[in-house]
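The structure appears below as C-alpha coordinates.
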Amino acid sequence: MRIENYSIDIKRHALLRALKRGIDPDVLETVIRSGRIEKFRKNYARFIKDYKNCKIICIGQIQPTRIKILTITRK
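Last residue of the sequence shown: 333 (this note's numbering), numbering continuous.
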(Lines of atoms letter the chains of each structure in order from A and count residues from 1; the text may use other names and numbers.)
(Lines give C-alpha, C1' and ligand atoms only; values in the text may rest on other atoms or scores of the structure.)
Protein backbone atom coordinates (compact mmCIF):
# COMPACT_ATOMS: atom_id res chain seq x y z
CA MET A 1 0.00 0.00 0.00
CA ARG A 2 1.50 3.31 -1.09
CA ILE A 3 0.61 6.20 1.22
CA GLU A 4 1.55 8.79 -1.43
CA ASN A 5 -1.55 7.89 -3.46
CA TYR A 6 -3.93 8.97 -0.69
CA SER A 7 -4.76 12.23 1.03
CA ILE A 8 -4.74 11.99 4.82
CA ASP A 9 -7.64 13.45 6.83
CA ILE A 10 -7.37 13.50 10.62
CA LYS A 11 -10.79 13.76 12.20
CA ARG A 12 -11.33 16.40 14.87
CA HIS A 13 -12.14 13.81 17.51
CA ALA A 14 -8.89 11.95 16.86
CA LEU A 15 -6.83 15.13 17.03
CA LEU A 16 -8.44 16.23 20.30
CA ARG A 17 -7.83 12.78 21.83
CA ALA A 18 -4.20 12.86 20.73
CA LEU A 19 -3.65 16.28 22.26
CA LYS A 20 -5.33 15.13 25.48
CA ARG A 21 -2.99 12.11 25.58
CA GLY A 22 0.05 14.32 25.06
CA ILE A 23 0.81 13.35 21.46
CA ASP A 24 1.98 16.23 19.25
CA PRO A 25 0.68 16.70 15.68
CA ASP A 26 4.26 16.42 14.37
CA VAL A 27 4.51 12.96 15.89
CA LEU A 28 1.21 11.99 14.23
CA GLU A 29 2.56 12.98 10.83
CA THR A 30 5.72 10.94 11.45
CA VAL A 31 3.69 7.90 12.46
CA ILE A 32 1.51 8.10 9.36
CA ARG A 33 4.36 8.79 6.91
CA SER A 34 7.05 6.45 8.24
CA GLY A 35 5.34 3.93 10.53
CA ARG A 36 4.54 0.39 9.52
CA ILE A 37 1.10 -0.33 8.08
CA GLU A 38 -1.08 -3.27 9.05
CA LYS A 39 -4.31 -3.71 7.13
CA PHE A 40 -7.23 -5.32 8.93
CA ARG A 41 -10.83 -5.97 8.08
CA LYS A 42 -11.80 -4.82 4.61
CA ASN A 43 -11.15 -1.07 4.66
CA TYR A 44 -9.08 -0.30 7.76
CA ALA A 45 -5.39 0.14 8.50
CA ARG A 46 -3.18 0.60 11.56
CA PHE A 47 -0.18 2.89 11.40
CA ILE A 48 2.27 1.84 14.11
CA LYS A 49 5.53 3.47 15.18
CA ASP A 50 7.69 2.23 18.06
CA TYR A 51 9.60 4.72 20.17
CA LYS A 52 11.89 4.14 23.18
CA ASN A 53 9.22 4.35 25.85
CA CYS A 54 5.93 4.00 23.94
CA LYS A 55 4.18 2.80 20.83
CA ILE A 56 1.82 5.12 18.94
CA ILE A 57 -1.01 3.61 16.92
CA CYS A 58 -3.27 5.45 14.47
CA ILE A 59 -6.39 3.68 13.18
CA GLY A 60 -7.59 4.81 9.77
CA GLN A 61 -10.37 4.00 7.34
CA ILE A 62 -9.26 3.53 3.74
CA GLN A 63 -11.45 5.10 1.06
CA PRO A 64 -10.74 5.28 -2.69
CA THR A 65 -8.84 8.60 -2.60
CA ARG A 66 -8.19 9.28 1.07
CA ILE A 67 -7.49 7.78 4.47
CA LYS A 68 -9.51 9.05 7.43
CA ILE A 69 -7.68 8.79 10.76
CA LEU A 70 -10.36 7.86 13.29
CA THR A 71 -8.46 7.34 16.54
CA ILE A 72 -4.96 7.65 17.99
CA THR A 73 -3.62 5.75 20.99
CA ARG A 74 -0.39 5.37 22.94
CA LYS A 75 0.75 2.14 24.58
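Every residue, glycine too, gets a C-beta built ideally from N, C-alpha and C.
Treat the numbers as computed from the prediction; the structure is a model and nothing was measured.
Grab me the residues of Y264's own chain with a C-beta within less than 6 Å of its C-beta, minus the 5 sequence neighbours each way, in chain order. R324 and I325
Opposite R324 in the DSSP bridges: which residues? S265
Going by DSSP in three states, I290 sits in which element: helix, strand or coil? helix
Our contact map puts F305 next to C316 with C-beta atoms below 8 Å; I'd like the distance itself, whole angstroms only. 4 Å between Cβ atoms; contact.
Pull up the CB-CB distance for I254 and I314, whole angstroms please, since I reckon it's below 8 Å. Any question about residue 254 goes unanswered here, given that the chain covers just 259 to 333.
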